[in-house]
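So the structure is just underneath, and the comments pick up after that.
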Amino acid sequence: DAPDAGVKDYNGTQLTAIFPKVGKYDVTLTASDGTDANKVTVKRTIEVTPAAAFSADFKASLKQVPAGQRVSFIPTQPVSGYRYEWTIEGGDVTSSKAVSAATTFQTIGKHKVTLKVTSTAGEEKTQTQVIDVAEVRPEADFNVLTPVVLRGDTVRVKDETKFGPTDWKWIVSSPNKNYLVSGRNVEFKATEPGVYDVSLTASNSVGTSSNVRNRGLVVVNADSKSGLSFNSASSRVVLSKSPLTEEDKNFTVEWWMNPSKLTDFCCGIGDDDANFLIKTNAAGQLIVSKGGRQVKSNNDLVVAGEWHHYAVVVQNNNVIIYRDGQKVFSQYALNAIKGLNSFAIGASAADMSGQIDEFRVWGTPLTQEQLQTWGNEPLDVNAADVKAADLRVYYDFNQNSGNVQDRGANANHGTRLGFGPDGDAWPLSKGVFSLNFSNKGTADVTRTYLANAKNQFRHTNVQMNDAKNGRWYELKDWKLENEVKNGKVITGACFDAVKNGNFTVATGWDGFADLKDHKVYQVVKLPAGLYSLTVTYGQHDQADGSFLVVAAGNKLPDTDNLSTAIASQRMEGKANGGTNTLHFTLDKETEVAIGMVVNMTGQRIFCITDFMLTKGDFEELQGVNKLTGILVPQRFNAEQGTLFDLSGRRVFETRPGNIYIENGRRVVK
């Protein structure tokens, strides 16, 4: 019994009571086994002290909140056991009964936030504050929910831009297919394979923000299923017999590869340098050793973390290297293959790194057309043209365990050595078969729209500097602003005869002054399209602090106002053939100023050998306000009858008596 708390004859092992006033109160507990003989009564005095002081005061993490940014509301004196109720006008979360609350606001203006606190004694206190939600420049962001899809499947990209965007322009672009999407989210059927960059420009009345995911979307021509993953330096696949002999003067080795890292040396295929070996170094050079003679590609041909198709074609003494179906290097190597008694993927002198798929060896030198066709789809080993090309090894790696099976007629299976558990070695090879040779993409339009854009640059007879007669001249066809004139020295972009007739800007040397917001540009009218302006550097590249810029109208903005331009890109030094590229989109015919804004101090110089302007047509699509379907990153849609093991890994070859998942149900095969 606790009569002062309104409790009488309560039965139970525990009691919760509320005493309404401060004071001392008796509480009585009687316990028994149901008989009067075994009954005990205990009385205790409970002292009720004054309730803890409390208030409804709270603080907001931000008083002026950017639209779309999360703001928190926190009581200044939270008391355990008290009831807290929040009312948030205009918030995405409008109410909460937690001690603290948080929400975002999408509507610009002032919004009331009210906190009501109720004590255990029933006393209530309330406070209201006004939150000012301001419109700010958006911060573009997005999530590619379908990073790899089959041709014909649906691409979904979800907008995650913060701070109240009101307009969205998407560019989904590859060398051979481009999309321009207007709307909040992207959803369309992919019709062309390829590796696509995905960019979003989000805007509101305050400003614009852009975000780009290079290689953010891959559309594949066919499902490559699984590949083989090499997870240690000791992992190797040794072929039953070498597919190449000393007598072979013409042959092809081709494969898809996604290295996890590049070292000196890695990605080995073949035997050793004295006989025949394909390998890669840390600089990304593909190196082919043939009878002790080496052929090396340029740097960065092999890229870690990216799927690419590679091929080495030997035609008599000519060694030709391809990447993604395009010829990138060739050189004669007169030495013949010697004593090739072993052949492996992953050599002792160059371990295989990462994942490999669709490995083939042919006894003929494949043409570029054959590489482009067969390298972009699974092989039909029974096709007449495949047989005629002398297919000697074909590993598609579409299996779950055991040694590697040769799908061709020669049964040249590969023994796996140094691998871990079977399930770790056969992941899906998403990104293979992503080539596109349809030539529906970009075209070089430099000559159509730009004048005097290539070395040697044309010039007038006006000298820019008389320190060395006949060296520096005024460029034809380029407009200059904010050049510095000091006597007979004019500091600005010019023709430089000593620098091979390059387009040159120098400061600090030969009496040239410093430059700020020096503008060099041409004014042209461009039709709607996706454009890229690429500059190629000559001997010098000290362009840091300068920008490639395209702006609507007939002028370029100053550096401080580059946000008003259609697009701008900081120039970065990449001498002797390196490039910088500015990408921009025009959704209608527009007159633009295109060129650069230069800022240079001290002894600095950069030279440009070439300006190239490319244009890509695009398919215009309307975005969607809300995406449909499953809104999480997806792998390929599973066809009816696709099998998975109990861990969720896709199965291509079954074992009798094992349990698998088929169409969402467990089955025994």
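End of the sequence shown = 830 in this note's numbering, gap-free, step of one.
From the three backbone atoms N, C-alpha and C, an ideal C-beta is built for every residue, glycine too.
- Counted as a single uninterrupted DSSP element, the beta strand (DSSP E) harbouring T248 occupies residues R244 to I249.
- Non-local C-beta neighbours of S403 in its own chain, meaning closer than 8 Å and more than five positions away in sequence, comprise D432, L501, N502, S503 and F504, ordered along the chain.
- Taking the Cα of E733 as reference, the smallest distance to any Cα among V696, T746 and S370 is reached at V696.
- In its chain, beyond the 5 residues on either side, E348 have a beta carbon closer than 8 Å to the beta carbon of T789.
- Contact annotation, W523 with Q560: C-beta distance approximately 22 Å; criterion of less than 8 Å not satisfied.
- Ranked by Cα distance from G648, the first of N496, G325, A674 and E642 is A674.
- In this structure, the alpha-carbon of S364 lies about 12 Å from that of D302.
- In the three-state reduction of the DSSP assignment, N411 falls in the strand class, which pools E and B.
- Here the alpha carbons of R632 and Y698 stand approximately 19 Å from one another.
- Under the three-state reduction of DSSP, P164 is assigned to helix.
- When C-alpha distances from T307 are compared across A263, T327, V356 and W329, the shortest belongs to V356.
- Less than 7 Å divides the Cβ of V305 from the Cβ of V318.
- At a Cβ-Cβ threshold of 7 Å, K286 and A214 do not count as neighbours.
- Residues of the same chain with a CB within less than 7 Å of the CB of P227, apart from the 5 flanking positions on each side, are A295, V297 and F324 in chain order.
- Rounded to the nearest angstrom, the gap between the Cα atoms of F437 and Y483 is 17 Å.
- The shortest CA-to-CA distance from V240 to any of G229, F234, V201 and S280 is the one to S280.
- Bridge pairing for L495: absent [DSSP].
- Sixteen is the threshold: since fewer than 16 other Cβ atoms of the shown chains lie within 10 Å of the Cβ of G195, the residue is exposed.
- In the DSSP assignment, D170 falls outside any beta strand (DSSP E), carrying neither H nor E.
- Taking one beta carbon from each stretch, the stretch 267-281 and the stretch 231-251 have 3 or more pairs nearer than 8 Å; the two touch.
- Taking the Cα of V449 as reference, the smallest distance to any Cα among S421, W468, G763 and A494 is reached at A494.
- From the listed residues V260, S343, F219 and E284, the smallest Cα separation to F779 is found for S343.
- Residue S707 holds the alpha-carbon nearest to the alpha-carbon of D678 among S385, S707 and P688.
- Put simply, the stretch 618-627 touches the stretch 650-667. At least three CB pairs are less than 8 Å apart.
- Distances from the alpha-carbon of N337 to those of G777, V666 and N786 put G777 closest.
- Considering only K499, G452, A472 and V554, the residue with the shortest C-alpha distance to Q531 is A472.
- Of the other Cβ atoms in all chains shown, fewer than 16 fall within 10 Å of the Cβ of S233; this residue is therefore exposed.
- Relative to the Cα of P354, the nearest Cα in the group V380, L341 and I332 belongs to V380.
- Spanning the alpha carbons of N419 and L747 requires a straight line of approximately 35 Å.
- Only residues of its own chain outside the window of five on either side were considered, and among them F266, T268 and H272 have a CB closer than 7 Å to the CB of G251, listed in chain order.
- Here R205 carries a strand assignment [DSSP, helix/strand/coil].
- For the 7 Å CB-CB criterion, N626 and V606 do not form a contact.
- For I179, DSSP records no beta bridge to any residue.
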